[in-house]
Amino acid sequence: MTTTLGRLTSVLVLLAVALGGCGGSTQSKASGPAGILRLSDEGIPDLTPADLDPPAETLGANSIAVMSLIDGGLVRLDANLHIAPDGASSWSVGNGGRTYTFHIRPHLRFADGTPVTAADFAYSLDRAFSPRYAGAANAQAFLSHIVGGAAVTAGKAKSVSGVRVLGRDTLQITTDKPVAVFLDELANPVAAVVPRHLIQRYGPEAWTEHAVGTGPFYVKDLQHGKEIDLAPNPYYWRGKPALKEVRILFVQNPDTAYNLYRTGSLDVMGMVQFPSDKLAEGRKLSAFHSAPYLFTEYLPPNERKPPFNNVHVRRAFSLAIDRTALVNRFLGGQYVPANGILPPGMPGYNSHLRGEQFNPTQAQAELARAGYPGGKGFPSVSLSFSGGDPGQRASAQVLQRFWSKYLHVSVGLNQMEQGAYNNALNAENFQLAFISWGMDYPDPQDFLSLQLQTGVGNNNAGFSNARFDALTKQADTMVGQNAARYKLYRQAEQIALDQAAWIVLYWGRTDVLINPRVHGLILNGGGLTAPNWASVTAG
Amino acid sequence: MLAFLLRRALGLVFVLFGVLTLTFIVGHLAPGDPVLTIMGQRHDPALYHRLRHVYGLDQPLWQQYLAYIGGVLHGNFGISYHYTDTPVSTLLLRDTPATLQLGIPALLLGPLLGVPLGILAATRQGKPAYTVSTGLALLLYSIPTFVLAPLLLAIDISLYNSGYPSLPVAGWGTLSEAVLPILVLAAPNVAYLARLTRTSLLGVLHEDYIRTARAKGLKGRIIIGRHALRLALLPVVTFLGPSLALIITGTFVVENIFNIPGIGFAVVNSIFTRDYPLMQALAIVLAASVVIMNTLTDVIYSMLDPRIELAA
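Protein chains in written order, with the numbering used here: chain V, 1 to 539; chain F, 1001 to 1312.
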């Protein structure tokens, strides 16, 4: 019986392998329902009403991908990640960079035809500041500079004093100080205009099941646990979209999304997550597209405690990492080896940066300068990582080998459950750890000032450098002078790298499959988007 | 019978109370903080404390426990941490239909396919039908669900790419979408029941009364159907309770692989998102269904074999 069974098993396995082999060489057919674009939103089982409520947004890429199709604000990011007019056709900045006067498009309407005026934008900002959203991290972070917002959140005022309606189509917003990234922050969905009439009709949560905005589409049908169907907004200010429908499937497992694409049930997959184990196979398809994504993976060396309070130790650990091998040999090439903090494609990115090159000889010299020649006497240290993150687990083992081979030091691996890992980072209870930072908006301020200025919340490594602080703080307030600002940020980035404030590992990529029947989609540093959704077509 | 059922109902209350307490303790002792999960990549101590207060997590553990027990007694499982502002009961009602549509056919397929397969194996020894049925049963029994599903998917995708008719690889709502997940979910039950039926029937077939029946000149089909199977099915019935547990744990894998918005999907997600209220409610619902199924098994058992008394 054993031999029969053995034969039966091998036949089945061979069949699967042979058929699987055939599958790899064929292309997905360029067919699908005409005018209907089918996408997958990977990594989530569902979208809740709160996930589609602009100020409540907490899910990040998963909900932003959907909200950006529905909602519009005063300004938006264009295909080149530059600030462009949206609901406001123009604006002026005065009062030393603190007061913005926006001119709303005269015929702007919600997708149901209701006119949108300056008062609707003021209502939306009042609502975003209401105590209801006191726990919404993004709204709190992005809108924090508007004067009078905190008073509304604290329940001391009903409307935001820094937001004034000057006329039907004129809105004025005042910030507490000149903030160079203020328009970038306003381009985030948290500042989108929301339909007061629907919120009053359906309630503060349930309205999103019928959401309309000033974006290219509106919610036609939200089937929980399955998909959301969007219909074209006939009043979209850039013209009614050519697509009849956008159907977004919620797919928890990116492998499932890949299978759905390969069997013709999806037109686009990988918008949020591409399965790493399918990357080699996916790359062979003509429908495969890849572009840099504004994301940096790094190790924060905890500078509050020895031995990483010593810059030479930090530099030694950084110089001993062969990033090219790490990314290409061990992580399947899903990322780009990094030699700086700002990822390529980020405004202000510096391709002439000095730093983070693999150099074992120099690494050993740095360790010797720190007082540990040949790794002798080096205290035991550990690298903490989240076991739930396969990329971190793989990287941790490789890094351990690099440090042992090139520095002759032994680094313990401290695998933790994701929640415990977050706790440890929060409590600064680690020596080396992993952090992934994806852009909030395309500006160096998001990667430098918000991460490495002395004492800021995200500064897990405890980095502190007076010169860095001075440069970035100056750049943060230079409204409308981006070229000059980027110069300052480049200097600051060089300081942070010289000090090995972060041991950077790699930058991100977006990998997607787009059926050739779809036209008008592009990839930029923020992921999948369209220069103009009104002209996107499918078959 | 009534006394038995009453006693079981009382037992159910204690089991549920135990499950409630255990999941509460384990959930709160496990490392990880739901608020940090909610906050994502942003680090802001002030916001952190505000959120802990909003969810009542800043209260002493015993107070949270009492509040939770009190809520459950009033049918209130609390508000989900992850699906903000959504009562857990709403989520349970939303996710249950898909799991029932998936689980009930899979549960029925167990005996419907497994028992005939087992009879075939016991009565056709040495013939090709025997080899195929025992081979299939052993194969399905030894391949775990999380291997069987990708294997079938790989075959299915290859069929699609080669232009042959194929089944949807994921989704829920149509009959064709249900075929693969139900088969995968039923496979271990079919296999186990086939093996159980075969072993048990082989044992019975060597009993004296079967020999007597043969000597009387009864036909093979009547001997098996009327005499042997009745006794042989007793161990099979005992497996019906555990088979529900197998189905439930199977849905954890199957619903995730096939993207089916059911209870199994919710369980796994609630663990990843540290959604304590949802996790606890799901544990209670699943524990209750297993206890009820076991009680049902005992009742059927006593009906099949009058020698077994329920009070015992």
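Ideal Cβ positions, reconstructed from N, Cα and C, are used throughout, including at glycine. Only a predicted model underlies this, so the values are computations on that prediction, with no experimental measurement involved.
Taking 8 angstroms as the cut-off, does the region 417-427 of chain V touch the region 262-273 of chain V (at least 3 CB pairs, one atom from each stretch)?
no
If distances are taken between C-alpha atoms only, which option among L1304/F, V1291/F, D1298/F comes closest to V1015/F?
Taking the first residue of the second sequence as position 1, residue 1015/F is located at position 15. For V1015/F, the nearest C-alpha among the options comes from V1291/F.
Mind checking if G1171/F is an interface residue toward chain V, Cβ cutoff 9 angstroms exclusive?
For this step, residue 1171/F is matched to residue 171 along the second sequence. For G1171/F, the answer is yes, since a Cβ of chain V falls inside 9 angstroms of its Cβ.
Could you pull the DSSP bridge partners for G167/V from this structure?
Stepping through the first sequence from its first residue, residue 167/V is reached at position 167. T170/V, per the DSSP bridge assignment.
In whole angstroms, what is the alpha-carbon distance linking P373/V and A316/V?
For the purposes of this step, residue 373/V is taken as residue 373 along the first sequence, with counting starting at 1. For the purposes of this step, residue 316/V is taken as residue 316 along the first sequence, with counting starting at 1. In a straight line, the C-alpha of P373/V is about 11 angstroms away from that of A316/V.
Start and end of the beta strand (DSSP E) containing F1272/F?
For the purposes of this step, residue 1272/F is identified with residue 272 of the second sequence, where counting begins at 1. No beta strand (DSSP E) holds F1272/F; the alpha helix (DSSP H) holding it covers 1263-1272.
Using a Cβ-Cβ cut-off of 8 angstroms (strictly less than) and excluding sequence neighbours within five positions of L1185/F, which residues of its own chain qualify?
As a position in the second sequence, residue 1185/F is number 185, starting the count at 1. Short of 8 angstroms from the beta carbon of L1185/F, and not among the five residues preceding or following it, lie these beta carbons of its own chain, in chain order: L1102, G1103, A1106, T1145, I1247, G1250, T1251, V1254.
Here's a check: name, in chain order, each residue in its chain whose Cβ is nearer than 8 angstroms to the Cβ of N524/V, leaving out the five neighbours to either side.
Locating residue 524/V in the first sequence gives position 524, where the first residue counts as 1. Taken in chain order, the residues that qualify are A79, N80, L81, A291, G345.
For I1257/F, would you say it is in contact with chain V, using Cβ-to-Cβ distances shorter than 9 angstroms as the test?
Taking the second sequence and counting its residues from 1, the one referred to as residue 1257/F is at position 257. With 9 angstroms as the cut-off, I1257/F counts as an interface residue toward chain V.
What does DSSP give as the partner residue(s) for H519/V in the beta ladder?
Against the first sequence, residue 519/V aligns to sequence position 519. Answer by DSSP bridge pairing, in chain order: T537/V.
In angstroms with no decimal places, state the Cα-to-Cα distance between T454/V and A470/V.
Working through the first sequence from its first residue, we reach residue 454/V at position 454. Working through the first sequence from its first residue, we reach residue 470/V at position 470. For T454/V and A470/V, the distance between alpha carbons rounds to 10 angstroms.
Does the distance from the CB of G462/V to the CB of E303/V come in under 9 angstroms?
Translated into positions along the first sequence, residue 462/V becomes position 462. Translated into positions along the first sequence, residue 303/V becomes position 303. Yes.
Please list the partners that P45/V has in chain F, where partner means a Cβ-to-Cβ separation under 7 angstroms.
Taking the first sequence and counting its residues from 1, the one referred to as residue 45/V is at position 45. Within chain F, the residues near P45/V are P1261, F1265, N1269.
Using Cβ-Cβ distances below 9 angstroms, what residues of the region 241-263 of chain V are close to chain F?
L249, F250, V251, Q252, N253, D255, T256, A257, N259, L260, R262, T263
Just to confirm my understanding: we take A1287/F, look at its own chain, exclude 5 residues before and 5 after, and list those with CB closer than 8 angstroms. What are they?
To locate residue 1287/F, count along the second sequence from 1; it is residue 287. Cβ within range, chain order: V1015, L1016, V1019.
Could you round the C-beta distance between S384/V and L432/V to whole angstroms and report it? I think they count as a contact, below 8 angstroms.
Here residue 384/V refers to the residue found at position 384 when the first sequence is read from its first residue. Here residue 432/V refers to the residue found at position 432 when the first sequence is read from its first residue. 7 angstroms between Cβ atoms; contact.
Going by DSSP, name the residue or residues bridged to P85/V.
What you label residue 85/V is simply residue 85 of the first sequence in a count that begins at 1. P85/V is bridged to V75/V.
So, does the CB of L1153/F fall closer than 9 angstroms to a CB anywhere in chain V?
As a first step, residue 1153/F must be located in the second sequence, where it is residue number 153. Taking Cβ atoms only, chain V reaches closer than 9 angstroms to L1153/F, which makes this a yes.
Does the CB of H1082/F have a neighbour CB from chain V at under 9 angstroms?
Stepping through the second sequence from its first residue, residue 1082/F is reached at position 82. Yes, H1082/F lies at the interface with chain V (some Cβ there is under 9 angstroms from its Cβ).
Under three-state DSSP, which class holds S290/V?
Mapped onto the first sequence, residue 290/V falls at position 290. It is a strand residue.
With the cut-off set at 9 angstroms, would you say G388/V and F1077/F are in Cβ contact?
What you label residue 388/V is simply residue 388 of the first sequence in a count that begins at 1. What you label residue 1077/F is simply residue 77 of the second sequence in a count that begins at 1. Using a Cβ distance threshold of 9 angstroms, G388/V and F1077/F do not count as a contacting pair.
Could you list which residues in chain F have their beta carbon closer than 9 angstroms to that of S161/V, in chain order?
Here residue 161/V refers to the residue found at position 161 when the first sequence is read from its first residue. Result: empty, since nearest Cβ-Cβ is about 22 angstroms, beyond 9 angstroms.
I want to check one thing, is the minimum distance from the CB of I199/V to the heavy atoms of the ligand ZN below 8 angstroms?
This structure lacks the ligand ZN, and indeed carries no ligand of any kind.
Would P347/V be called buried (16 or more neighbouring beta carbons within 10 Å of its own) or exposed?
Counting from 1 along the first sequence, the entry for residue 347/V is found at position 347. P347/V comes out buried.
Are the C-beta of Q364/V and some C-beta of chain C separated by less than 9 angstroms?
No chain C appears in this structure, whose protein chains are V and F.
Ignore the nearest five residues each way along the sequence and tell me which others in L77/V's own chain have a CB closer than 8 angstroms to its CB.
Translated into the one-based positions of the first sequence, residue 77/V becomes position 77. Within the same chain, L77/V has close Cβ partners I83, A84, D184, A187, Y441, P442, G526.
Quick check on DSSP: helix, strand or coil for C22/V?
Translated into the one-based positions of the first sequence, residue 22/V becomes position 22. Any reading at C22/V is ruled out, since the residue's pLDDT is 40, under 50, leaving its predicted position unreliable.
Can you pull the DSSP bridge partners for F1077/F?
The residue you call residue 1077/F lines up with position 77 of the second sequence. Paired residues: none, contrary to the question.
Any idea if D1156/F is buried or exposed, counting beta-carbon neighbours within 10 angstroms, 16 or more meaning buried?
For the purposes of this step, residue 1156/F is identified with residue 156 of the second sequence, where counting begins at 1. Under this definition D1156/F is a buried residue.
Between which residues of its own chain and F330/V is the CB-CB distance below 6 angstroms, once the five residues before and five after are set aside?
Residue mapping note: residue 330/V aligns to position 330 of the first sequence, counting from 1. A394, V398, listed in sequence order.
Quick check: the Cα distance between K473/V and R98/V, rounded to an integer number of angstroms?
Taking the first residue of the first sequence as position 1, residue 473/V is located at position 473. Taking the first residue of the first sequence as position 1, residue 98/V is located at position 98. Note on geometry: alpha-carbon atoms of K473/V and R98/V lie some 16 angstroms from one another.
Please report how far the alpha carbon of L1234/F lies from the alpha carbon of I1300/F, in whole angstroms.
The residue labelled residue 1234/F in the question sits at position 234 within the second sequence. The residue labelled residue 1300/F in the question sits at position 300 within the second sequence. Straight-line Cα distance between these residues: approximately 9 angstroms.
Rounded to whole angstroms, what is the Cα-Cα separation between T477/V and A484/V?
Translated into positions along the first sequence, residue 477/V becomes position 477. Translated into positions along the first sequence, residue 484/V becomes position 484. C-alpha separation (whole angstroms): 11 angstroms.
Going by DSSP, name the residue or residues bridged to R509/V.
Translated into the one-based positions of the first sequence, residue 509/V becomes position 509. Answer by DSSP bridge pairing, in chain order: P292/V.
State the start and end residues of the unbroken alpha helix (DSSP H) segment that holds T981/F.
Only positions 1001 to 1312 of chain F appear in the structure, and residue 981/F is not among them; the question remains open.
State the Cα-Cα distance for the pair L1244/F and A1149/F, rounded to the nearest angstrom.
Residue numbering aside, residue 1244/F sits at position 244 when the second sequence is read from its first letter. Residue numbering aside, residue 1149/F sits at position 149 when the second sequence is read from its first letter. Between L1244/F and A1149/F, the C-alpha separation is close to 19 angstroms.
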